[in-house]
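Okay, structure first, notes after.
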Amino acid sequence: MAYCGVASRRKCEEIIKQGRVSVNGNIVMEMGLKVNPDIDKVLLDGKMIRLKEGLIYIALNKPTGYISSVKDQFGRPTVLDLVDKNVGRVYPVGRLDYDSEGLILLTNDGDLTYKLTHPQYDIQKEYNVIVEGIPSQESLDVLREGIYLDGYITKPAYINHLGNLGETARINITLTEGRNRQVRRMFDYISHPVVSLQRVRIDNILLGKLASGKWRFLTPEEIKGLKI
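The sequence shown begins at 36 in my numbering and counts up one residue at a time.
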């Protein structure tokens, strides 16, 4: 019902509990009933509910071991395998490495995808990483100012040293570009390889408490914020 634009998921649960929804002529009171939009007839207050066509915006918490693409030539699972098939056709916005986790956006809005991935817009992407060893302030300053990657100097990075865990360090880093495996390559440059990497923010969209492997639709306010 939320897919069809009836209401938020919480509100839809209230509507179902009120006995206002039927599937194939039978009143439904329990949550989580699976339906096939091509076969099953879902009615709210006697009126047919249909999938809402149009633009789709999804936030997903990608686990490690998934490819950020539509298909993989080696048969590895992709982020699209984690999203319900009846949501509609969507595509990943940008990349998140196979061995990285965290926030990735999925949409069928080509204009927004262009804005979020084109370097001219300086879209912020924030990561929490754990690196081997304890980087010096001087080493982190090198990354803040920019290093040569692929023949170009990286844009200034915002970096906070959050603390240490034994022989590793917790670092928060925000970039305004997205070169291939950039965060990992930056820390390799100062000889502190990344142990784990989680993206926690893209522009105004926060990962928050979204569980690993789970997804949600963006709110109208979040979508508006992305398009400003």
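Cβ atoms here follow ideal geometry from the backbone N, Cα and C, with glycine treated the same way. Because the structure is a prediction, the values reported are computed rather than measured.
8 angstroms Cβ cutoff met for Pro170 and Gly181
no
Glu65 in three-state terms, based on DSSP
coil
Which whole-angstrom value is the C-beta distance of Arg92 and Thr148, which I expect to be below 8 angstroms?
The sequence shown places Tyr at residue 92, not Arg. That belief does not hold up - the Cβ atoms of Tyr92 and Thr148 are roughly 11 angstroms apart, past 8 angstroms.
Arg111 to Cys47, Cα distance in whole Å?
35 angstroms
Using 8 angstroms for Cβ pairs, my map puts Ile139 next to Val114. What's the rounded Cβ distance?
6 angstroms
Is the Cβ-Cβ distance between Val218 and Val177 less than 8 angstroms?
no
Would a C-beta distance cut-off of 8 angstroms place Ile51 and Val63 closer than the cut-off?
yes
Any chance the CB of Gly248 is under 7 angstroms from a heavy atom of the ligand MN?
The ligand MN is not part of this structure, which contains no ligands at all.
Give the straight-line distance between the Cα atoms of Leu68 and Gly89, rounded to the nearest whole angstrom.
24 angstroms
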